[in-house]
Amino acid sequence: MREIWRMTLLAAVSVTLMFAAAARICKLDPVTMRMPHFVRSMVATLAVHENTIGPNALNRALTIDPQNTAAWSRRCTAYVGKDAAERLNDCQHAVSLRDSAANLRGEASAQEETGDVCAAEGTYRAALKTLKVQRPYVMRDQARAALACGDVGGSLAALREAESADTATPENLAVDHGYMAVVYDRMDQPEKARQMCSEANPGYGNCTCELTGSGLNCSQKIASAK
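Position 44 (the sequence shown) corresponds to 266 in the working numbering; numbering is contiguous.
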């Protein structure tokens with residue numbers, strides 16, 4: 223029995239070393255490509271999870287396994303030298319393989335960058351359905367996309383939900399209130415907007431907040447007259 227366990231352990235170690243070598247050594251790719259799919263999938267996934275990854279490494283992984291979930295997810299979320307349209311295509315493919323929160327958030331971000339903000343709001347909502355942690359971050363993303371889409375009520379609702387989740391985290395709560403300041407300004411409620419901006423930035427006097435791309439900027443200046 224001891225000999226059987228020894229042989230089993232030796233075989234497991236050998237297989238592990240074989241997979242690790244195949245993932246790291248490009249010259250072994252022709253051999254890997256002749257292996258069954260489950261072997262190619264494992265090698266490609268290991269290659270993706272190396273400490274450093276770039277376009278060439280991802281392309282190599284996808285050559286080994288064209289439908290590798292890990293590789294497509296990394297292409298979607300790593301922003302490796304691509305414009306928004308290409309990243310959107312990558313993220314849509316990644317989502318078709320695995321509709322994880324990270325892939326959906328990447329798709330929504332690319333939709334925002336390509337100007338499809340209403341679709342982005344819906345995709346952020348889909349991401350929230352699969353997300354159990356860090357929800358306020360995605361709620362703020364959804365609120366931003368909703369505001370750009372003209373869904374002011376949906377934007378405020380998302381921010382209020384984020385606010386409820388952030389009560390124990392002052393820095394995140396401040397960001398929620400900064401976003402709310404923008405929403406209230408769009409709702410033509412300047413007093414409420416100033417109140418939220420002041421709560422986000424207690425040291426400011428006259429305070430206004432505005433969205434800048436995918437970020438938030440609050441400053442001490444008098445809001446422009448409507």
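Backbone N, C-alpha and C fix where the C-beta goes; we use that ideal spot for every residue, glycine too.
Quick caveat: nothing in here was measured; it's all calculated off a predicted structure.
DSSP places Asn-394 in no beta strand (DSSP E) but in the uninterrupted alpha helix (DSSP H) bounded by 392 to 408.
In this structure, the alpha-carbon of Asp-410 lies about 22 Å from that of Leu-395. Residue burial is scored here from C-beta neighbours: Ala-266 has at least 16 other C-beta atoms within 10 angstroms and is therefore classed as buried.
Contact between Glu-329 and Cys-340 does not hold, since the beta-carbon distance rounds to 14 Å and is not under 8 Å. In this structure, Asp-287 keeps its C-beta atom at 9 Å or more from the C-beta atom of Arg-320.
Your pair Asp-363 and Tyr-346 checks out as a contact, with CB atoms roughly 5 Å apart and the cut at 8 Å. DSSP, reduced to helix, strand and coil, places Gln-289 outside both helices and strands of the structure shown, so it counts as coil. Distances from the CA of Ala-384 to each of Arg-357, Tyr-406, Ala-390 and Glu-421 were compared; the closest alpha carbon is that of Arg-357.
The continuous alpha helix (DSSP H) containing Gly-328 extends over residues 323 to 335.
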